[in-house]
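Below is one structure; the comments refer to it alone.
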Amino acid sequence: MTAGSRGDVAPFTGLGQRLQQAGHRVALAAHDRFAGLVRDSGLEHRSLPGDPVELVRARTAAPSPDAAREVFAAFLDELGDGVLAATEAGTDLVLTAFGPAPLSRFAAERSGIPSAAVYLAPGVPTREFPPPGLPSDGPDDNLAAGRAVLARTGALYAGVLRRLGASEAAANPPEDWPVFHGFSPAVVPRPADWPAAVRVTGYWWPADPPVWQPPEPLVDFLAAGPPPVFVGFGSMLPDHDRLHDIVAATVRRAGVRAVVQAGWAGLGPAGDDILLVGDLPHGWLFPRTAAVVHHAGAGTTAAGLRAGVPAIPVPVLVDQPFWADRLHHVGVAPRPVPMHELTAETLTDAVRSCLDRTAYRERAAELARQIGAEDGAAAVLSFIERLEG
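Numbered according to full-length UniProt numbering, the sequence shown terminates at residue 389, and the numbering increases by one at each position without gaps.
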């Protein structure tokens, strides 16, 4: 069960494939926008209502903060019915991403079946770091902030859970609830104060597309010169006109070639050394690049680490500043450049710093080898087999 952008769905296609190969039947509940992605992975798609693109646009266009909250509340209300319907369509175990977790856990309890969390970013309070998206003010404050985030998350879902007949406690996970984090301990070591039921497994990689051939213009562009820099901001919707100018100027000033992914922002900078592309497998493209400039979403961050290429993180919101800081901390990226600080000058400096210091690429290659030796799906599979007993 997952809700959100493509990056909130793709890793579960690979996890689902692995579970299915072990003999389990797997359905992935996600928005209809991603039905093809799910089915192309050989998994059953169960529909969740709502369109994340339209949600972001509606919240952005809302005339006031109260109006934006009303848009999101309506989305969650509709999502609650969808999560129940997806669960009741024939399910023995619910694995849920962080976003819909309170709804998924309640739906599983109502159906009398077990559930567990499969999180792509840290979702359990700890003294060792603050929850993604918040600054660190010391161990005690980190823990308090993590608990506050869980409380706020529960409050967001309180109305829809109450309407569905849940108790007030339904929004809060019990301490012994199994939680699996699908990232590498080489990137985020497991905090010592997490409960025993909380694990860090290693990454879950998106399923490979069944048949995919790179478009001929991309093949020709890659062959025509040195490895390009990738630029893409995924599901973010920043000012695309401003970004056009910044990216085009950076390519000229830094003296690089670039493959630019349009994404939800509809990027389209022009230039002889720029190739525009749509959605394509990062697992294919990233190893062929010199570096990746991205918004530091969990999925794109993982794909860059797997490819063994350095990064220039440009975080925007939610967990992106956390992943951007981790990339810098583990030595594969210069200091992040938050989107609100992005200019042609700051991006050019970051690109040149990333490319001119060989330590970034060497560290990225080393970390890719560590990550490649991990088996993130194994822990989830073992859990399921223990349930079958």
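Yeah, the Cβ is synthetic: ideal placement off N, Cα and C, and Gly gets one too.
Exercise. Ala296: which of Arg335, Leu103, Gly23 sits nearest, CA to CA?
Worked result: Arg335
For this session: Find out if the Cβ-Cβ distance for the pair Leu305, Leu367 is shorter than 8 Å.
Result: When the beta-carbon positions are compared, Leu305 and Leu367 come within less than 8 Å of each other.
Exercise. So, is Pro135 buried or exposed, given that buried needs 16 or more other C-beta atoms within 10 angstroms?
Worked result: exposed
Problem set entry | Residue burial classification, Ala196 (beta-carbon count within 10 angstroms, cutoff 16) | exposed
Problem set entry | Among Ala223, Asp272, Pro227, nearest to Val247 - alpha-carbon criterion | Asp272
Exercise. Are there 16 or more other CB atoms within 10 angstroms of the CB of Gln21, so buried, or fewer, so exposed?
Worked result: When all chains shown are included, Gln21 counts as exposed.
Problem set entry | For residue 401, three-class secondary structure by DSSP | The structure shown does not extend to residue 401, since the chain is modelled only from 1 through 389, so no value can be given for it.
For this session: Alpha carbon to alpha carbon, how far is Pro189 from Gly283? Give it in angstroms, no decimals.
Result: 24 Å
Exercise. What residue does the beta strand (DSSP E) around Pro313 start on, and which one ends it?
Worked result: Per DSSP, Pro313 belongs to the beta strand (DSSP E) from 311-313.
For this session: Count the other CB atoms, across all protein chains shown, that sit within 10 Å of the CB of Thr13; report buried if there are 16 or more and exposed otherwise.
Result: buried
Exercise. With burial defined as no fewer than 16 other Cβ atoms inside 10 Å of the residue's Cβ, what is the status of Val211: buried or exposed?
Worked result: exposed
Exercise. Is the region 117-137 touching the region 46-66, taking contact as three or more C-beta pairs under 8 Å?
Worked result: No, they do not touch.
Problem set entry | Residue(s) in a DSSP beta bridge with residue 454 | Nothing can be reported for residue 454, as the shown portion of the chain is limited to 1 through 389.
Exercise. Can the beta-carbon of Met339 be found less than 8 Å from the beta-carbon of Val316?
Worked result: Contact annotation: Met339 and Val316 have beta-carbon atoms nearer than 8 Å.
For this session: Please report the Cβ distance between residue 437 and Pro209, rounded to the nearest whole angstrom; I am assuming they are in contact, meaning their Cβ atoms lie under 8 Å.
Result: Nothing about residue 437 can be reported from this structure: the residues present for the chain run from 1 to 389 only.
Exercise. Of all the beta strand (DSSP E) runs that stay within the bounds of the region 116-193, which reach a length of 3 or more residues?
Worked result: Within the region 116-193, the runs of beta strand (DSSP E) that reach at least 3 residues and sit entirely inside it are, in chain order, 179-181.
Exercise. Would the beta-carbon of Val330 fall within 8 Å of that of Thr289?
Worked result: Between Val330 and Thr289, the C-beta gap is not smaller than 8 Å, which leaves the two residues out of contact.
For this session: Tell whether a beta-carbon distance below 8 Å holds between Glu374 and Tyr157.
Result: In this structure, Tyr157 does not lie closer than 8 Å to Glu374 by Cβ.
Exercise. For the beta strand (DSSP E) that Arg46 lies in, which residues bound it at each end?
Worked result: 44-48
Problem set entry | With 16 other Cβ atoms within 10 Å as the buried cut-off, status of Ala223 | exposed
Exercise. What first and last residue would you give for the beta strand (DSSP E) that runs through Ile113?
Worked result: Segment: none, Ile113 is in no beta strand (DSSP E) and carries neither H nor E.
For this session: Assuming Leu48 and Ala86 form a contact by the criterion Cβ under 8 Å, report the distance between their Cβ atoms to the nearest whole angstrom.
Result: 6 Å
For this session: Would you mind working out which of Gln370, Asp319, Ala311 sits nearest Arg357, comparing C-alpha positions?
Result: Ala311
For this session: Grab the span of the alpha helix (DSSP H) containing His328 for me, first residue to last.
Result: 320-329
Exercise. When DSSP builds the beta bridges, which residues end up paired with Leu28?
Worked result: His45
For this session: Determine the direct distance from the alpha carbon of Gly159 to that of Pro214, and round the result to whole angstroms.
Result: 46 Å
Exercise. What residue range is occupied by the uninterrupted alpha helix (DSSP H) comprising Phe230?
Worked result: No alpha helix (DSSP H) contains Phe230, which is instead part of the beta strand (DSSP E) from 229-232.
Exercise. Is Val251 helix, strand or coil by DSSP?
Worked result: Annotated three-state conformation of Val251 is helix, per DSSP.
Exercise. Do the CB positions of Ala262 and Leu276 come within less than 8 Å of each other?
Worked result: yes
For this session: Put Leu275 into one of helix, strand or coil per three-state DSSP.
Result: In this structure, Leu275 counts as strand in the three-state DSSP scheme.
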